[in-house]
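Q: Right, I'll just put the structure down here and ask away after.
Numbering (this note's numbering), first residue to last: 4 to 258.
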């Protein structure tokens, strides 16, 4: 058997060979980490999007990511704000690490780490990358990070609809708003505001749908006042909504 190589003037990758020669890793896991390390240091990854670049699907990808995590090539941890998980951050290493080096351990109390900013500029310091031979990537694990099911369950409950939390388009919309820093409370408020305004209006009730509510107009919907039939501003009926919210928080793992 012969290997035919090309002259590498461009379109090539330089990476440490440790993972490729690690017999504990499956070919799937080796391919995943090679692909991740082939992209720029500031590249932002989503699991759902990453799965589109191979033929074996999202479930297979997640299996490979779990394998990389188990063997120390990938570390994942929650970033909290005011005691609540606001996102999950993932560090990917070219060589396996049993635990994070002190230089890259998450400093969750620092404001710059707690900002809901998916680009994470503070951990992309070139010197740090040089010292630790590390690539930092942001992986959005839908099951662990964004409460898709809880958001859609609340919408269906309030609007009498039957939307699916597994819809690709719906997940993309929710993810886009989540990456802008909005959280479960914000989604609940938008749903409350628009169901109050539109639910009993035949002309507008059809817009109580994810593609409208979670569109780029989300912030405008969030900050509007809710009005009753008489035109006066109304507040949230806590007697009705609070138990439902608490249940959503419990399911989403938010205390």
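Backbone N, C-alpha and C fix where the C-beta goes; we use that ideal spot for every residue, glycine too.
Roughly how many whole angstroms lie between the Cα atoms of residue 193 and residue 223?
A: Within the chain shown, residue 193 is the residue found at index 190, counting from 1. Within the chain shown, residue 223 is the residue found at index 220, counting from 1. Residue 193 and residue 223: Cα-Cα distance of roughly 9 Å.
Q: Given this structure, state the Cα-to-Cα distance separating residue 3 from residue 11, to the nearest angstrom.
A: Residue 3 is absent from the structure shown; the chain starts at 4 and stops at 258.
Q: What's the C-alpha gap between residue 14 and residue 186?
A: Taking the chain shown and counting its residues from 1, one reaches residue 14 at position 11. Taking the chain shown and counting its residues from 1, one reaches residue 186 at position 183. The straight-line gap from Cα to Cα measures roughly 39 Å.
Q: Only counting the same chain, and skipping five residues up and downstream in sequence, which positions put a Cβ closer than 8 Å to that of residue 213?
A: Translated into the one-based positions of the chain shown, residue 213 becomes position 210. 155, 158, 166, 170, 172, 173, 176, 177, listed in sequence order.
Q: Quick one: using the 10 Å Cβ neighbour count with 16 as the cut-off for buried, is residue 24 buried or exposed?
A: Sequence index remark: in the chain shown, residue 24 carries index 21 (1-based). Result: exposed.
Q: Where residue 181 and residue 8 are concerned, what is the direct C-alpha to C-alpha distance, given to the nearest angstrom?
A: As a first step, residue 181 is located in the chain shown; it is residue number 178 there, counting from the start. As a first step, residue 8 is located in the chain shown; it is residue number 5 there, counting from the start. Taking the straight line from one Cα to the other gives about 44 Å.
Q: Excluding five sequence neighbours on each side, which residues of the same chain lie with their C-beta closer than 6 Å to the C-beta of residue 152?
A: Taking the chain shown and counting its residues from 1, the one referred to as residue 152 is at position 149. Within the same chain, residue 152 has close Cβ partners 168.
Q: Residue 198: buried (16+ other C-beta within 10 angstroms of its C-beta) or exposed?
A: Counted from its first residue, the chain shown places residue 198 at position 195. So residue 198 counts as buried.
Q: Quick check: what's the CA-CA separation for residue 22 versus residue 29?
A: Start at 1 with the first residue of the chain shown, and residue 22 comes out as number 19. Start at 1 with the first residue of the chain shown, and residue 29 comes out as number 26. Taking the straight line joining both Cα atoms gives about 10 Å.
Q: Leaving out five residues before and five after residue 18 in sequence, what residues of the same chain have Cβ atoms less than 8 Å from its Cβ?
A: Taking the first residue of the chain shown as position 1, residue 18 is located at position 15. Around residue 18: 37, 40, 41, 97.
Q: Within its chain, find whatever has a CB closer than 6 Å to the CB of residue 6; leave out the 5 residues flanking it on each side and keep chain order.
A: Start at 1 with the first residue of the chain shown, and residue 6 comes out as number 3. Counting only Cβ-Cβ distances below 6 Å, and skipping sequence neighbours, we find nothing.
Q: Quick check on DSSP: helix, strand or coil for residue 77?
A: Within the chain shown, the letter at position 74 stands for residue 77. In this structure, residue 77 counts as strand in the three-state DSSP scheme.
Q: With H, G and I counted as helix, E and B as strand and the rest as coil, what does DSSP make of residue 185?
A: In the chain shown, counting from the first residue as 1, residue 185 sits at position 182. Residue state, collapsed to three classes: coil.
Q: Could you tell me whether the Cβ atoms of residue 201 and residue 216 are closer together than 7 Å?
A: Translated into positions along the chain shown, residue 201 becomes position 198. Translated into positions along the chain shown, residue 216 becomes position 213. No, these two residues do not count as a Cβ contact at 7 Å.
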